Each structure stands twice: as structure tokens, then as C-alpha cells.
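To start, the structure itself, in C-alpha cells.
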Amino acid sequence: MTLNIAADRVPLALDDDGVARVGGSRVPIDTVICAFTDGATAEQIAEQFPSLRLSNIYSVIGYYLDHREEVDEYLAERASRSEEVRERIEAQRDLSSIRERLIQRSKRGA
């Protein structure tokens, strides 16, 4: 029998927000790569995320190892955007109303 060798597609897809998700799941590539760079094995990642197939995790790790610069750039951009959103949300919060409610409660309780 002859071994039919074919290049498989990397199990990554961009969602409507431009987030790369693994194997048709809701798990972003960020999660898999972060776990991997923190020392987790593919098997450990699969245990943490049962919606991911082990073969997809290995494929994504292989893709990362072959395209480290691109993926690291993507991850840095995502982290930066996430930080910007967090800062915007915090800036929009009106903490004065919360403070006033807490003062009123403490006066009622005293």
C-alpha cells in the first residue's frame, strides 16, 4: 500500500471580529499558544479544553512553531487591543454614583 501524503489545512478560522479560533470551536489561538508557551503539553491543553481535538492542538502548535513571528505579532496586537478596550471601559465607568450609594448605605446602617 502506498502512503497518500497530503498537506492538511491548519485548523484555524477567523471569526467576524478577526479572532483566530481553533478547529471550529470558540477557543481562540491565544489560549492554546499561551498554554503551550507556559509549558503545557498538547494533551494537557486537550484536557482543559475538551471541545478541541488533540490533532488540532498539535496542528496549531506546529503552525505556531513554523510562523512564530507572525503569530507573536498577532497575539501582541490582540493584547494591545484588549488593553485599549479595558481602559476605555474603565474610563467610562461613573464611580461617583457607586461611591454615593455606598455612603448612603453606610449612613443608614449606622
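Counting along the sequence shown from 1, when you hit position 71 you're at 70 in numbering that gives the first Met the number 0, and nothing is skipped either side. For glycine and all other residues, C-beta sits at the position ideal for the given N, C-alpha and C. In this text the structure is predicted, and so the values were computed from the model without any measurement.
When you compare only the Cα positions, how much space is there between Asp37 and Arg107?
-> Computed Cα separation, rounded: 49 Å.
Near Phe48, what residues of its chain come up, given a Cβ to Cβ distance below 6 Å and the 5 sequence neighbours on each side ignored?
-> Val26
CB of Leu13 to nearest heavy atom of the ligand SAM: below 8 Å?
-> The ligand SAM is not among the ligands present in this structure, which contains no ligands whatsoever.
May I ask you to report which of helix, strand or coil DSSP gives Leu51?
-> coil
Look at the Cβ atom of Leu74, then the Cβ atom of Ile28, and state whether they are nearer than 9 Å.
-> yes
Check the DSSP bridge columns for Arg20 and list the partner residues they point to.
-> Ala12 and Pro27
Do Val9 and Tyr62 come within 9 Å of each other at the CB atom, strictly closer than that value?
-> Taking 9 Å as the cut-off, the Cβ atoms of Tyr62 and Val9 count as close.
Going straight from the alpha carbon of Glu99 to that of Arg92, what length do you get?
-> 14 Å
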